[in-house]
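Report on the following structure.
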Amino acid sequence: MVLPKFFSLRLCMLTKSLETFFGVGPLVSARLLARFHIHPTCKVGELANKQVLDLTAALSDMKIENDLRRQILDDIKRLKESGSYRGRRHALGLPVRGQRTRTQVGYPSTFASLVTDSHRAMIWKQERQY
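Reminder that position 118 of the sequence shown reads as 117 in numbering that gives the first Met the number 0, one-by-one numbering, no gaps.
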C-alpha cells in the first residue's frame, strides 16, 4: 500500500489514510475495515503483513484514483456527444442537477472571459484616443 509522504506510519489512523485515496470515503473505508476485521482506530504501523496485503488487494480491485477520474470524464464526454440536456449543461459550464441559475450561479467561464476581453478592448480604445 502506497501512502503519501506526509503520513507518519506510527501515528496515522488507518481510516484517515484510506480516505486520502480519490474514491474512498468514510463509508468505503469503514466497510473495508469491517470486511477484514480491523479496528477503526488502528494505526497503519500496527497492521500485520497479511492485513496490508488484503487491503492492497481490495484497493486494487476497486476503481480509485486515475481510473475513477478517467471514468467520470468519459461519462461526461459521452453525455456531451449524445446531445442530452445534461451534456449541454456540462458543455456550457452551467449547473447540471437542477440548481437555481437566476441569482445563485455566476456566468459560465467562457462568457466571463469574453466579457473581460471586450472590457479590456474598450479600455484600450479609450486610452488610445487621448
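Note that beta-carbon positions come from the ideal geometry of N, C-alpha and C, so glycine has one too.
- In the DSSP assignment, K76 falls within the alpha helix (DSSP H) that extends over 65 to 81.
- Considering only C11, F20, M12, K76, the residue with the shortest C-alpha distance to N65 is F20.
- It is roughly 42 Å from the alpha-carbon of D53 to the alpha-carbon of L93.
- I75 is positioned such that its CB atom lies no closer than 8 Å to that of G22.
- Between L32 and L13, the C-beta spacing is below 8 Å.
- Boundaries for L46: no alpha helix (DSSP H) harbours it, and the DSSP string shows neither H nor E there.
- Apart from sequence neighbours up to five positions away, the residues of its chain that approach R85 with a beta-carbon distance below 8 Å are L78, V95, ordered along the chain.
- In this structure, the CA atom of C11 is about 9 Å from the CA atom of T40.
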